[in-house]
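Numbering (the numbering used here), first residue to last: 2 to 524.
C-beta atoms are modelled at their ideal positions from N, C-alpha and C, and glycine is treated no differently.
This structure is a prediction, so every number in the text was calculated from the model and none was measured.
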């Protein structure tokens, strides 16, 4: 008589795609309903913020503003989110947290398409064990459920890229053309996926030439290119409709990334190599990396897109870890080939690595289970979200000024509050912000800033005649706090946020305003 674990394993082996889809859906539901944080600033300011502005005013001209993302982002994803928010409001769902959960659930449902994409590609390229491993990694690798439920164009590019890789495994002109369409759509979402498309074209050319000469290589590359160009044409026509400028957002985004503004993050050319090495889970890297390299030699359709994608990104000055997300399906396919690569290795070194594999496998499973739980329950940027929610419930709030944190005004739940924000603690800005809010009929009586800037902020508040009590601290997620303590300079936004409740005494205003020497000292 078989045991329950044996029956479960047999069922999973018999239904690898269905079971992985079910598990992936559960993980994404958990991430969408519990982990309400934003992955970065772009998923708020480049997607949700313009969508909310269109809900408030359908005639809002995003590209004519100086808001983040204006003029450099396609309207596709923000417009889709606008439709979701509008639909929620029509159905009576208006609480910010509830609307965000609906959005994350819909985005997470879309992200499930990466699982069949990886599964189908693995069936064409890997053995049975590799197919099972690739499918489950696409479902439950710790990066997939969380990233797949965020408003990240990098994560949204994963499903069409995975489907494109699968279609490119066939020799049929029609299927390679469809691969071009799929990869082209991934490029529409995240244009840097074009680097992977170039790698895919190189792989198709090499394979076609080896199999039937230069004409076959040209046929495959042409089919891929035609599909990709048609997808780009569709993007350009959409841009004309929404912005009046054919591929205008694309070209402007390219220029910004080639010459990033001082505030954008930069890193060394080897930074992304470090990201992928971390995903091999050191010290397990000693076993996994040689096996991945061995597998990569036999999988040109995966290796070329992956390598070209990483190399091209490595020479772009503006770098962020999330920029590597589109290549996750490629990495997953290479990682899934690890057991077969280990088994096929010959010689003493490979025998040694095979002996270490059982322990390595246990380490990999343990680390990924822990990371998956953390990712699905993550509360990134909770310091800011909690501060905004608290301020939204403050009935005495008349005007809000931020001296550091970017304002997620969505969580205020109120559109009648004038706000001003600066990324720096600046005396001149504070004076202008007070005047600006006063000019709009408000009264700046709430202020927020990062805890490390407390002394400087309190000097400026007092210098402007503001009578403030002890600030309330919004600490945020414990992981964010650990990351901040490990590297305060690069993770300032993860530090606790302070909320000051202030009043401006009439006497202070009538007798000359701020203390000039204190302002100079604070600056």
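Do you know how far the Cα of residue j is from the Cα of residue i?
i, j, result
"residue 398", "residue 409", "16 Å"
"residue 523", "residue 271", "Only weak support exists for where residue 523 lies, its pLDDT of 42 falling under 50; the value from the coordinates is given anyway. One C-alpha to the other measures close to 39 Å."
"residue 252", "residue 425", "30 Å"
"residue 36", "residue 115", "21 Å"
"residue 10", "residue 30", "24 Å"
"residue 368", "residue 462", "46 Å"
"residue 137", "residue 324", "23 Å"
"residue 321", "residue 5", "44 Å"
"residue 76", "residue 105", "18 Å"
"residue 53", "residue 144", "27 Å"
"residue 12", "residue 371", "25 Å"
"residue 131", "residue 23", "19 Å"
"residue 416", "residue 505", "23 Å"
"residue 191", "residue 376", "23 Å"
"residue 305", "residue 208", "11 Å"
"residue 163", "residue 330", "6 Å"
"residue 71", "residue 62", "9 Å"
"residue 187", "residue 206", "21 Å"
"residue 95", "residue 89", "7 Å"
"residue 350", "residue 357", "11 Å"
"residue 167", "residue 119", "7 Å"
"residue 300", "residue 278", "19 Å"
"residue 244", "residue 124", "42 Å"
"residue 8", "residue 20", "13 Å"
"residue 18", "residue 491", "40 Å"
"residue 50", "residue 91", "19 Å"
"residue 427", "residue 203", "52 Å"
Should residue i be labelled buried (16 or more other beta-carbon atoms within 10 Å of its own) or exposed?
i, result
"residue 374", "exposed"
"residue 225", "buried"
"residue 441", "exposed"
"residue 133", "buried"
"residue 406", "buried"
"residue 472", "buried"
"residue 343", "buried"
"residue 382", "buried"
"residue 14", "exposed"
"residue 508", "In this prediction, residue 508 scores a pLDDT of 34, lower than 50, which makes its location untrustworthy; the coordinate-derived value is nonetheless stated afterwards. With fewer than 16 Cβ atoms within 10 Å of its Cβ, residue 508 is classed as exposed."
"residue 236", "buried"
"residue 293", "buried"
"residue 284", "exposed"
"residue 479", "exposed"
"residue 318", "exposed"
"residue 16", "exposed"
"residue 93", "exposed"
"residue 488", "exposed"
Relative to the C-alpha of residue i, which residue among the options is closest?
i, options, result
"residue 501", "120, 468, 483, 166", "468"
"residue 437", "165, 124, 416, 421", "421"
"residue 179", "104, 230, 165", "165"
"residue 465", "485, 430, 471, 491", "430"
"residue 347", "332, 295, 32", "295"
"residue 289", "363, 248, 330, 315", "363"
"residue 269", "158, 313, 135, 241", "313"
"residue 67", "47, 204, 78", "47"
"residue 554", "480, 418, 446, 494", "Nothing can be reported for residue 554: it is not among the residues displayed for the chain, which extend from 2 to 524."
"residue 98", "86, 109, 91", "86"
"residue 38", "94, 73, 149", "149"
"residue 217", "174, 83, 142", "174"
"residue 73", "189, 7, 254", "254"
"residue 26", "107, 40, 122", "107"
"residue 41", "139, 147, 353, 7", "147"
"residue 476", "387, 395, 432, 413", "387"
"residue 334", "16, 49, 140, 44", "140"
"residue 154", "202, 81, 135", "81"
"residue 101", "419, 487, 412, 427", "412"
"residue 233", "248, 161, 43", "248"
Starting from residue i, trace the beta strand (DSSP E) both ways and give me its first and last residue.
i, result
"residue 68", "Segment: none, residue 68 is in no beta strand (DSSP E) and carries neither H nor E."
"residue 498", "498-504"
On the DSSP letters alone, give me the boundaries of the alpha helix (DSSP H) that residue i sits inside.
i, result
"residue 115", "115-126"
"residue 25", "17-35"
"residue 159", "159-169"
"residue 249", "249-259"
"residue 361", "349-377"
"residue 268", "No alpha helix (DSSP H) holds residue 268; DSSP gives it neither H nor E."
"residue 387", "383-393"
"residue 109", "97-112"
"residue 56", "50-57"
"residue 491", "Taken as a continuous stretch (DSSP letters only), residue 491 belongs to no alpha helix (DSSP H), as it is neither H nor E."
If you scan the segment 403-487 from start to end, which runs of the alpha helix (DSSP H) of 4 or more residues do you find wholly inside it?
428-440, 455-464, 479-487
Could you name each continuous alpha helix (DSSP H) segment of 4 residues or more that falls completely within the segment 138-215, going from the start of the chain to the end?
144-149, 154-157, 159-169, 174-190, 195-213
For the segment 269-354, which segments carrying the alpha helix (DSSP H) assignment without a break, of at least 4 residues, lie completely within its bounds, in sequence order?
The qualifying runs are 272-280, 286-298, 301-315, 329-337, 339-345.
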